[in-house]
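Taking the working numbering, I'd label the letters of the sequence shown as residues 71 to 524.
All C-beta atoms, glycine included, are put in the ideal place defined by N, C-alpha and C.
One structure below.
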Amino acid sequence: MPVLQSVNPYDPSRVVNYPQLSGEQLTRLLERARPVFQTYRKHSMVQRKEGMDRVAVLLREHNRHFAEIITREMGKPIGESVAEVDKCAWVCEFYAEHAAEFLKARKVKTDAKESLVQFQPLGPILAVMPWNFPFWQVFRFAAPTLMAGNTVLLKHASGVQGCAQAIQKIFTDAGFGEGVFRNMAIGSDRVAQVIEHPSVAAVTLTGSGAAGRSVAEISGRHLKKCVLELGGSNAFVVLNDASLEKALDVAIPARLQNGGQSCIAAKRFILESGVAKDFIARLSVRLEHLKVGDPMREDTDMGPLSSVKQAQEVEKQVKRTVEMGAGLVRGGKRDGAFFGPTILTGVRPGMPAFDEEVFGPVFAVMEADSPQHALELSNRSPYGLGVQVFTRSDDSARLFMEDAEEGAVFINDMVRSDPRLPFGGVKQSGYGRELSVEGIREFVNVKTGWVGKS
Ligand code: NAP
C-alpha cells in the first residue's frame with residue numbers, strides 16, 4: 071500500500087509520510103463503526119453539547135498550533151490559517167447552542183391522538199474532504215453531524231494527513247469516545263470499499279466534479295444518500311452605479327484568499343462597460359503592492375499554491391486562455407508552486423478561464439453592456455455556487471436575487487460561508503446543503519410518528 075505524502079509547498083524538501091491503514095485495519099474499523107454509533111446515539115443532547123463546547127475551547131486555545139499544521143501542509147498564509155481554526159470553533163459553538171432547537175420534534179395536528187415528526191441520526195457518515203480548507207471543511211460537516219447523533223468516518227485528502235490526525239485528536243481530547251470521530255488514512259482508490267460497507271449510512275464529499283461523480287455513482291448503486299459540495303466559478307459583478315472603492319476592497323480577498331484556491335472565490339470578473347477600464351487599472355496597482363512569499367510570516371499576503379502540480383494546472387489554463395485571444399494585463403508567471411497574481415481581459419465563454427474552475431490567483435475579466443447582460447454572462451457558467459454583485463440600484467440587486475442560477479447571491483459583499491446560513495450549490499457545483507438548520511437535517515431520519523385513538 072503506498073504511503074500518503076504531505077509535501078510542504080514552500081519547501082518541497084520537507085516531506086512527511088503517513089502509512090495507510092492495512093486492509094485488515096480498515097475492515098476492523100468499519101465493523102466497529104455500527105456498535106460505536108449505537109452507543110453514541112444514546113448520548114443526550116446535553117452530553118453532545120458539552121463535548122462540542124470542549125472542542126471549541128481546544129481549537130481556540132491552540133489555534134496557532136493547528137494553524138501551523140495547515141500552513142505547512144498546504145501553504146496558505148498563517149494569518150488565514152488561524153482565522154480558519156477560529157471559524158471552526160465558531161461552527162462548533164453554533165451547533166452546540168442550536169442543535170436541540172433545530173432537531174426538536176414537531177407536533178402536527180391530525181386526526182390521530184398524537185402525531186409528530188422526529189429527527190433521528192442515521193449512523194456512521196463517510197466524509198471525503200479536500201485539502202484547501204483542511205480544518206474548516208471537516209468541522210462544518212462534523213459539528214452538525216455529531217450533534218445530530220451520527221458518527222463520523224473521515225477520508226481526508228492524501229496531502230493533509232497531519233491535519234486529519236490533529237482533528238481526530240481534538241475530538242478524542244474533548245471526550246468523544248473512541249471511534250465517534252474516526253480518521254481513516256486511506257487513498258481515494260479505497261473510498262468505494264468504504265461506501266459499499268453496510269456500516270456506512272451515507273456520504274458527503276467536498277471536492278472536484280470528477281470525485282463527486284464517482285462517489286455519487288457508487289452511493290447510488292448502494293442507495294445511500296450523498297451530499298456533494300463541488301467546484302465553482304463565481305462571478306464578481308461590478309455595475310456602473312457601484313462604489314468602485316468598495317468593490318476593489320472586496321475583490322482582492324474574494325479572489326486571492328487561500329491563494330485563490332477556494333470553491334467560492336470570485337473567479338470571473340464581469341464589469342459593466344462604464345467602470346471596466348478604471349476597475350482594471352486600479353486593481354492592477356493594488357496587486358503590485360501584495361507581498362507574496364513565506365506563508366509562515368505574518369506579513370505575507372499570499373503564499374505558494376498547494377503544490378507544484380496545482381500551479382502548473384493554473385499556468386496551463388492561463389496559457390490556453392491567452393492563446394484563444396484573451397489579454398494578459400499582468401502576471402501569468404509560475405515559479406515552482408508560486409503563481410503570481412494575474413489579470414486576464416477579454417475573457418469569453420469557450421475559454422478555459424470562463425468555462426473551467428481556475429484554482430489560483432487569476433482575475434478573468436470581461437465586459438457587459440448592461441445589468442441584464444452581466445446576469446446572462448454570470449449564468450453561462452456550468453457551475454452555480456454563488457455570485458457577488460456591486461450596485462447601488464435596488465432593481466439590479468433584485469434582478470440577481472430573482473434570476474441568478476446560484477446557491478447564494480451576495481449584494482455589495484463577498485460570497486462566504488456562515489454557520490447561520492445554508493451553504494451549497496446548484497448545477498455542476500453539487501447538491502445538498504451544509505450549515506444552518508438545512509445542514510444538520512441532511513443526515514437525519516425524518517421519522518413520522520402516529521398514535522391512533524384506542
Ligand atoms: P479532489 O481531487 O476531488 O479531492 C477531494 C477529496 O476527494 C480528497 O479526499 C481526494 O482524495 C478524494 N478523491 C479524489 N478522487 C476521488 C475519487 N475518484 N473517488 C473518491 N474520492 C476521491 O479535490 P481537491 O483538489 O482536493 O479539492 C479542490 C476541489 O474541491 C475544487 O474543485 C474545489 O472547488 C472543491 N471544493 C468545493 C467546496 C464546496 O464547498 N463546494 C469547498 C472546497 C473545495 P485524495 O487526496 O486521496 O486523492
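Residue i Cβ short of 7 angstroms to the ligand NAP heavy atom set
{"i": "Q207", "result": "yes"}
{"i": "E427", "result": "yes"}
{"i": "H267", "result": "no"}
{"i": "N449", "result": "no"}
{"i": "S499", "result": "yes"}
{"i": "H226", "result": "yes"}
{"i": "W201", "result": "yes"}
{"i": "C333", "result": "yes"}
{"i": "T276", "result": "yes"}
{"i": "A393", "result": "A small fix is needed here, since residue 393 is Glu in this sequence, not Ala. Not under cutoff, so the answer is no."}
{"i": "V261", "result": "yes"}
{"i": "E248", "result": "no"}
{"i": "G301", "result": "yes"}
{"i": "G454", "result": "no"}
{"i": "V198", "result": "yes"}
{"i": "S185", "result": "no"}
{"i": "G330", "result": "no"}
{"i": "S83", "result": "no"}
{"i": "G502", "result": "no"}
Element boundaries [alpha helix (DSSP H), containing residue i]
{"i": "F349", "result": "S343 to E358"}
{"i": "A324", "result": "L314 to L326"}
{"i": "G149", "result": "I148 to F172"}
{"i": "W206", "result": "W206 to M217"}
{"i": "A305", "result": "Taken as a continuous stretch (DSSP letters only), A305 belongs to no alpha helix (DSSP H), being part of the beta strand (DSSP E) at N304 to V308."}
{"i": "P110", "result": "The question names Pro, yet the displayed sequence has Tyr at residue 110. Start and end: G93 to Y110."}
{"i": "E385", "result": "V378 to E393"}
{"i": "T141", "result": "N133 to M144"}
{"i": "N449", "result": "P441 to N449"}
{"i": "E248", "result": "Here E248 belongs to no alpha helix (DSSP H), and DSSP marks it neither H nor E."}
{"i": "I510", "result": "S506 to I510"}
{"i": "P422", "result": "P422 to D425"}
For residue i, the nearest candidate out of the options (CA to CA)
{"i": "F339", "options": "K403, L445, S284 and E248", "result": "L445"}
{"i": "Q90", "options": "W520, M394, K225 and A262", "result": "K225"}
{"i": "L300", "options": "V307, S332 and R102", "result": "S332"}
{"i": "A434", "options": "C233, G279, E472 and G395", "result": "G395"}
{"i": "F203", "options": "L293, Q190, I148 and E163", "result": "I148"}
{"i": "T370", "options": "Q327, D464, R450 and V345", "result": "Q327"}
{"i": "P374", "options": "G93, N78 and V73", "result": "N78"}
{"i": "D425", "options": "W206, T242, L293 and S499", "result": "S499"}
{"i": "K347", "options": "A335, F205 and G416", "result": "G416"}
{"i": "E472", "options": "V392, A236 and V459", "result": "V459"}
{"i": "A611", "options": "I237, M366 and A197", "result": "Nothing can be reported for residue 611: it is not among the residues displayed for the chain, which extend from 71 to 524."}
{"i": "F209", "options": "G93, V161 and P72", "result": "V161"}
{"i": "T518", "options": "S114, P72 and T180", "result": "T180"}
{"i": "L157", "options": "G402, K403, A137 and A381", "result": "One point to set straight first is that residue 157 is Lys, not Leu, in the sequence displayed. K157 has its Cα closest to that of A137, out of G402, K403, A137 and A381."}
{"i": "A336", "options": "S377, L318, G344 and A351", "result": "L318"}
{"i": "S440", "options": "D311, R260 and L186", "result": "D311"}
{"i": "G477", "options": "G494, T215 and D488", "result": "G494"}
{"i": "V485", "options": "R468, G454 and E150", "result": "G454"}
{"i": "H135", "options": "G121, M122, D123 and A153", "result": "A153"}
N-terminal and C-terminal residue of the beta strand (DSSP E) that residue i is part of
{"i": "L196", "result": "P194 to V198"}
{"i": "A281", "result": "Run containing A281: none in the beta strand (DSSP E); it sits in the alpha helix (DSSP H), G279 to R291."}
{"i": "Q75", "result": "L74 to V77"}
{"i": "C233", "result": "Here C233 belongs to no beta strand (DSSP E); instead the alpha helix (DSSP H) covers Q231 to D243."}
{"i": "V264", "result": "Where V264 is concerned, there is no enclosing beta strand (DSSP E), although the alpha helix (DSSP H) it sits in stretches over V261 to E266."}
{"i": "M436", "result": "V432 to A438"}
{"i": "G477", "result": "From DSSP, G477 is part of no beta strand (DSSP E); its letter is neither H nor E."}
{"i": "E299", "result": "K295 to E299"}
{"i": "L224", "result": "T221 to K225"}
Cβ-Cβ separation, residue j to residue i (assumed contact under 8 angstroms), whole Å
{"i": "K119", "j": "A166", "result": "5 angstroms"}
{"i": "F164", "j": "V514", "result": "17 angstroms between Cβ atoms; not a contact."}
{"i": "L298", "j": "Y501", "result": "6 angstroms"}
{"i": "S448", "j": "V457", "result": "5 angstroms"}
{"i": "V496", "j": "F429", "result": "Actually they are not in contact, since the Cβ atoms of V496 and F429 sit about 20 angstroms apart, beyond 8 angstroms."}
{"i": "V521", "j": "E184", "result": "4 angstroms"}
{"i": "M372", "j": "P323", "result": "Not confirmed; about 11 angstroms, so no contact."}
Closer than 7 angstroms: residue i CB and nearest the ligand FAD heavy atom
{"i": "G477", "result": "This structure simply doesn't include the ligand FAD; it includes the ligand NAP instead."}
CB contact below 8 angstroms: residue i versus chain B
{"i": "A324", "result": "Structure shown: chain B not included; a single protein chain is present."}
At least three beta-carbon pairs within less than 8 angstroms, the segment 265-282 to the segment 109-117: The segment 265-282 and the segment 109-117 do not touch, with fewer than 3 CB-CB distances between them shorter than 8 angstroms.
At least 3 beta-carbon pairs within less than 8 angstroms: the segment 340-360 vs the segment 395-415: These segments touch.
Three or more C-beta pairs below 8 angstroms linking the segment 495-515 and the segment 159-177: Enough Cβ pairs lie closer than 8 angstroms, so yes.
Touch test, the segment 304-321 against the segment 228-246, Cβ-Cβ under 8 angstroms, three pairs minimum: For the pair of segments examined, the segment 304-321 was found not to touch the segment 228-246: the number of CB pairs separated by less than 8 angstroms stays below three.
Three-pair Cβ contact test at 8 angstroms for the segment 272-285 versus the segment 244-252: As far as the Cβ criterion goes, the segment 272-285 does not touch the segment 244-252, which means the pair count is below three.
The segment 71-85 / the segment 183-194 touching (three or more Cβ pairs under 8 angstroms): Touching, no.
Segment contact, 8 angstroms Cβ cut-off, at least three pairs: the segment 200-220 with the segment 136-153: Counting Cβ pairs under 8 angstroms, three or more are found: they touch.
Touching by the beta-carbon criterion (3+ pairs, under 8 angstroms), the segment 130-143 and the segment 89-103: Contact between the segment 130-143 and the segment 89-103 is absent, because fewer than three Cβ pairs lie under 8 angstroms.
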